[in-house]
Each structure stands twice: as C-alpha cells, then as structure tokens.
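K.L.:
Handing you this structure, nothing more for now.
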Amino acid sequence: MILILSSAVFFYTSYRWKNQSIQYINNYEYTKFQNNLLQFEEKLRLTSSQSANSDEKVRNRILIYAFRQIFHDSAVLYQNDEELYNGTAYDFDVQGIQEQLGEVELHGKWYDADTYICDPLISKADGKTLLLFFYSSTESTTNLNYQIVTYKDVSDVLESNRILFYQAGMLTLVLLLLTGTILFFSLRKIMAPLTKLREAAVSVSEGNYDIQVPAEGDTELAQVGKSFNQMSSKVKEQIECLSTVNHTQRQLMGSLAHELKTPMTSILGYADTLLTVRLQRQQQERALSYISSECRRLSRLSVKMLELTGLYETGEARFAPTENSVKSFLEDSRQLNLCRLKEKNICLELQCEPADLNKNFDKDLMLSLVNNFIDNAVKASADNSRLILEATAEKLMVRDFGKGIPAEDLDKVTEAFYMVDKSRSRANGSVGLGLALCKKITDIHGFQMKIESEIGKGTCVFIEW
3 MILILSSAVF
13 FYTSYRWKNQ
23 SIQYINNYEY
33 TKFQNNLLQF
43 EEKLRLTSSQ
53 SANSDEKVRN
63 RILIYAFRQI
73 FHDSAVLYQN
83 DEELYNGTAY
93 DFDVQGIQEQ
103 LGEVELHGKW
113 YDADTYICDP
123 LISKADGKTL
133 LLFFYSSTES
143 TTNLNYQIVT
153 YKDVSDVLES
163 NRILFYQAGM
173 LTLVLLLLTG
183 TILFFSLRKI
193 MAPLTKLREA
203 AVSVSEGNYD
213 IQVPAEGDTE
223 LAQVGKSFNQ
233 MSSKVKEQIE
243 CLSTVNHTQR
253 QLMGSLAHEL
263 KTPMTSILGY
273 ADTLLTVRLQ
283 RQQQERALSY
293 ISSECRRLSR
303 LSVKMLELTG
313 LYETGEARFA
323 PTENSVKSFL
333 EDSRQLNLCR
343 LKEKNICLEL
353 QCEPADLNKN
363 FDKDLMLSLV
373 NNFIDNAVKA
383 SADNSRLILE
393 ATAEKLMVRD
403 FGKGIPAEDL
413 DKVTEAFYMV
423 DKSRSRANGS
433 VGLGLALCKK
443 ITDIHGFQMK
453 IESEIGKGTC
463 VFIEW
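Residue 3 is where the sequence shown starts when you use the numbering used here, and the numbers rise one by one after that.
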C-alpha cells in the first residue's frame with residue numbers, strides 16, 4: 003500500500019513537473035516575445051513618419067525589414083491574414099490559429115490599448131510539438147495591421163518528460179512486482195504454520211491422532227503449535243484409554259461367558275439328574291452340595307475375573323494363593339468336567355507324582371485354567387478317545403491325542419479372540435478367550451505356560467510351576 007501511494011505521488015509529481023516546465027518555457031518565451039514586440043514597435047514608429055506617404059509595397063518592405071531585424075528566422079509575419087515573411091521551416095494557418103483562440107477578450111493579454119498578445123497554443127507540426135505565440139496589431143498603432151506568429155519547439159522537453167514518465171512507470175512496475183513477490187513468499191512462509199495447523203486439525207477430526215505440527219521457537223505460532231500437539235496427544239491418550247476399556251469389557255464379557263459355560267454344564271447335569279432320576283437321599287444331598295459348591299465357586303470366580311480385567315475391585319476377593327493338595331485338585335477338576343467328558347465318551351486319566359504333592363496357588367483360578375485346558379482338549383479330540391491330566395513337582399500338564407495345532411498358530415493361540423479353526427470354534431460356542439485367560443492366570447501366579455503340538459498326533463499344554 004505504501005509503495006502504491008508513493009508511486010501515485012511520484013506520477014502526480016511528474017505530471018506537475020511537466021506542466022511547470024511548459025509554464026516556465028511559456029513565461030520565458032512570453033517575456034522574450036513581449037520585448038521583441040517593444041523593439042519591433044519602436045522601429046516601426048521611427049520609420050512610420052518617413053514611410054507615411056509611401057506606397058503599400060514600400061511600407062511592406064519596411065515592415066519586413068524591421069521584422070527580420072528583431073525576430074530573425076523564428077517567426078512569421080502576416081498582414082490581413084496573408085503571409086508577408088516566413089523565416090521558419092513551418093507553414094502556419096493563421097486563420098486556424100485565430101479560430102482556436104476564439105474571442106480575443108477571452109484569451110491572452112492586452113499589450114496596449116490596440117494590441118493583443120494571445121496565450122500560447124500547443125500545436126503539432128512535422129512531428130514536432132510547438133508552443134505558438136500570436137500577436138495581432140491594429141492600424142491605430144503604426145498605421146499598419148499585421149499579425150505575428152512565433153514558436154518555441156518543446157518536443158525535447160515533452161519527450162524527456164515522457165521518457166522519464168515511462169521509466170518511472172517501469173521502475174514502479176518492477177518494484178511492485180518485486181515487492182509483491184517478496185510479500186507473497188513472506189506471507190506464505192508466515193502462513194505456512196497456520197496452514198499446517200489447519201491441515202493437522204482436519205486430520206485429527208478424521209481420526210489421525212498421531213499427527214504433530216512444527217513448534218520450534220518462541221513465537222506465538224510456535225506456542226499455538228505446542229498447545230495443539232499437547233491437545234492431540236491428550237486426545238490420542240484418551241481415545242486409546244477408551245479403546246482399551248472397550249476391549250477389556252469385551253474380553254471380560256467373553257471370559258465370563260467362557261468360564262461360566264463348563265461349571266454351568268455340570269450344574270445343569272446334576273439338576274437334570276435330580277429332576278429325572280429318583281436318587282437316594284444321600285445321593286441327592288451330594289448332588290445338591292455339589293451344585294451349591296459350584297455356585298459359590300462361580301460367584302468367587304466372577305469377582306476374580308473382574309479383578310483380572312481391572313474393571314472391578316471389591317477389596318475382598320483378592321488373589322490369595324494357598325497350599326493345596328495337587329491330587330485332590332486333579333480329582334476336583336475331573337468331577338467338574340464329568341458331564342463334558344461323557345458327551346463324547348472321553349476318558350480322563352489322572353497322574354500325580356508324588357501322590358502327596360502340595361503346591362501354592364489360587365484354587366479357583368487354577369480350576370478355571372485346567373477347565374479351559376480340558377475343554378480345548380475335548381473339542382480337539384474324537385469320540386471314545388482319552389486325555390491325560392498329569393502333575394509333577396515341576397509341571398502341570400494336559401495332553402490330548404486329537405487334531406493338533408499348526409506350527410504357525412502356536413504363538414498366536416494365547417491372543418485374545420484368536421481361534422485356529424474359526425468355523426469349528428464358533429460351532430462349539432467359543433470366542434477365543436480361553437487360552438488368553440489361562441495366560442493371564444499363569445502370569446499372575448508367576449508360572450510359565452507352554453504349548454507343544456503336532457498335526458494329527460495331538461497337543462500338550464503344560465504349566466511350569
């Protein structure tokens with residue numbers, strides 16, 4: 003804006019300077035013309051008495067002689083609109099000049115009572131720009147009626163002004179382009195952080211929370227960039243937290259459903275037996291006792307499952323390992339899975355060496371772990387097959403002789419929701435959480451879970467405790 007205003011002032015100054023230059027020339031030439039007229043009139047007065055009785059030709063010669071003495075070759079002399087003498091290189095139309103001037107009262111200056119000097123005209127002649135001065139006299143002055151046209155060539159002055167004007171215009175244009183280019187790239191550089199910030203905001207709104215904007219330096223834009231990066235990180239952190247909670251909730255629901263399935267099957271089996279079979283009182287009490295025991299265990303297990311997922315904490319049902327008889331633990335595991343085993347007529351062989359082996363663990367969680375191992379083994383085994391549940395001082399193992407697990411899937415089976423045979427697992431009601439839960443239970447005990455399998459020969463899952 004400043005450059006444009008400066009250019010406008012410069013153009014106006016150039017225009018004013020051109021006009022002033024013409025005005026200075028005009029004033030100078032006007033004064034010179036006026037002085038020449040004084041001398042010319044004086045010469046005419048001196049010779050008027052001598053030529054008063056002369057004929058017209060003589061008077062005209064005297065007029066021309068006096069004119070040449072004063073004006074030399076820079077003016078044209080007319081009498082009654084007819085050219086008497088022309089010492090210039092141009093032919094002027096005196097009548098046209100008078101028509102341009104119009105009424106004398108409206109143009110020029112009176113030289114004396116009978117003589118009028120017109121303001122100059124700017125005229126074109128032979129490609130030149132001329133400043134014309136016109137003088138008209140009456141007979142009352144010197145008994146002669148004549149007109150004088152003189153000129154000043156101002157072509158060079160106007161051409162210099164024109165060249166200067168164009169040069170100034172070109173310079174201004176170059177400066178405008180240069181300044182505009184500098185301003186464009188400067189503004190682009192200044193606006194670049196804002197543009198990146200806008201693009202980053204759009205990306206965040208589309209779900210890309212990893213994007214960061216440049217925030218170097220101590221400028222206001224850098225501070226805004228730092229604040230935006232902090233906001234983006236916080237949003238990402240909150241989204242990840244919500245995703246984790248959502249995943250945990252899904253895993254919790256799946257785990258609970260998975261863990262309730264086997265004990266509920268046993269409970270339903272005993273309940274159906276009580277309803278359909280007439281049992282002795284002692285057998286009824288044993289069945290009811292088992293149902294009551296399993297229900298209490300399921301209640302404890304559900305609380306512990308909630309604690310394992312980190313979503314629920316009562317302050318009461320914490321992980322608390324106790325010393326347990328391993329042989330008794332194996333028997334409880336078989337009793338819990340009897341109904342499941344009978345469905346496929348599978349024999350579960352128990353082996354405990356030594357027989358009086360004791361170990362420290364949380365019985366509810368470890369029962370859940372072994373139930374998962376047996377449930378998976380039953381799914382992978384054919385009807386009328388056998389399983390081995392073996393415990394030693396070094397490890398606890400469940401072995402089946404079923405389909406086996408492909409080698410490329412062994413490292414993935416402990417991932418939540420991962421299923422080797424998805425169609426078969428869905429048909430059996432599995433959601434792929436059993437071994438993931440087992441892995442968590444072993445980790446909380448400080449044990450190590452390992453899986454060995456061979457296609458067509460079976461799978462061995464064991465815990466190093």
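We put the beta carbon where it would ideally sit given N, CA and C, even for glycine.
By alpha-carbon positions, which one of I457, S162, S138, T221 ends up nearest to Q81?
P.N.:
The shortest C-alpha separation from Q81 is found at S138.
K.L.:
In terms of residues, what are the limits of the beta strand (DSSP E) holding V78?
P.N.:
77–81
K.L.:
Hey, quick one: how far does the alpha helix (DSSP H) through G171 stretch, first residue to last?
P.N.:
157–207
K.L.:
Please report the residue range of the beta strand (DSSP E) in which F464 lies.
P.N.:
460–466
K.L.:
Exposed or buried, what is C462 when buried is set at 16 or more other beta-carbons lying within 10 Å of its beta-carbon?
P.N.:
buried
K.L.:
Cα separation between C440 and I407?
P.N.:
17 Å
K.L.:
Only counting the same chain, and skipping five residues up and downstream in sequence, which positions put a Cβ closer than 7 Å to that of N382?
P.N.:
Correcting the residue type first, residue 382 is Ala in the shown sequence and not Asn. Correct list, in chain order: D402, G404, K405, T461.
K.L.:
Is it buried or exposed for E296, if we count other Cβ within 10 angstroms and need 16 for buried?
P.N.:
buried
K.L.:
When DSSP builds the beta bridges, which residues end up paired with F136?
P.N.:
V151
K.L.:
Looking at the strands, I want to know which residues DSSP matches up with T131.
P.N.:
DSSP lists K126 as the bridge partner or partners of T131.
K.L.:
What is the rounded straight-line gap between the Cα of Q353 and the Cα of Q240?
P.N.:
50 Å
K.L.:
Starting from A393 and walking both ways along the alpha helix (DSSP H), at which residues does that stretch end?
P.N.:
No alpha helix (DSSP H) contains A393, which is instead part of the beta strand (DSSP E) from 388–393.
K.L.:
Between the stretch 349–366 and the stretch 318–333, can you find at least three pairs of beta-carbon atoms closer than 8 Å?
P.N.:
yes
K.L.:
With contact counted as at least three CB pairs below 8 Å, one residue from each stretch, are the stretch 11–28 and the stretch 152–162 in contact?
P.N.:
Short answer: they touch.
K.L.:
First and last residue of the beta strand (DSSP E) that includes I453?
P.N.:
450–456
K.L.:
Do T131 and F35 have their C-beta atoms closer together than 8 Å?
P.N.:
no
K.L.:
Note down the Cα distance separating P323 from G271, rounded to an integer number of angstroms.
P.N.:
30 Å
K.L.:
Using DSSP's beta-bridge definition, name the partner residues of R401.
P.N.:
I390, C462
K.L.:
Grouping DSSP H, G and I as helix and E and B as strand, with all else coil, what is N88?
P.N.:
strand
K.L.:
Any heavy atom of the ligand FAD closer than 7 Å to the CB of I192?
P.N.:
Ligands in the displayed structure: none, and consequently the ligand FAD is not present.
K.L.:
Buried or exposed for S425, going by 16 or more other Cβ atoms inside 10 Å?
P.N.:
Because the pLDDT at S425 is just 42, under 50, the model does not fix this residue reliably, and the value given afterwards should be weighed accordingly. That one is exposed.
K.L.:
If you count every other CB in all the chains shown that lies within 10 Å of the CB of T278, and 16 or more means buried, which is it?
P.N.:
Exposed, by the Cβ-count rule.
K.L.:
Among the residues of its own chain, which have a CB less than 6 Å from the CB of F375, if the five just before and after it don't count?
P.N.:
Around F375: V400, V463.
K.L.:
Do Y148 and L48 have their beta-carbon atoms positioned less than 8 Å apart in this structure?
P.N.:
no
K.L.:
Are E85 and V78 closer than 8 Å when you measure CB to CB?
P.N.:
yes
K.L.:
Is the beta carbon of R342 less than 8 Å from the beta carbon of V380?
P.N.:
Yes; because the gap between Cβ atoms is below 8 Å, this pair is in contact.
K.L.:
Just how far apart, CA to CA, sit A202 and I213?
P.N.:
Going by the C-alpha atoms only, they are around 6 Å apart.
K.L.:
Using a Cβ-Cβ cutoff of less than 6 Å, which residues in the same chain neighbour P195 once the five nearest sequence positions on both sides are dropped?
P.N.:
L223
K.L.:
Just to confirm, are L338 and N373 a CB contact at a threshold of 8 Å?
P.N.:
Contact flag set, yes.
K.L.:
Using only the alpha-carbon positions, how far apart do L262 and M368 sit?
P.N.:
15 Å
K.L.:
Where does E351 sit, in a helix, a strand or coil, going by DSSP?
P.N.:
strand
K.L.:
If you compare alpha carbons, which of I124, S125, I150 is closest to F136?
P.N.:
I150
K.L.:
Tell me the rounded alpha-carbon separation between W19 and N28.
P.N.:
14 Å
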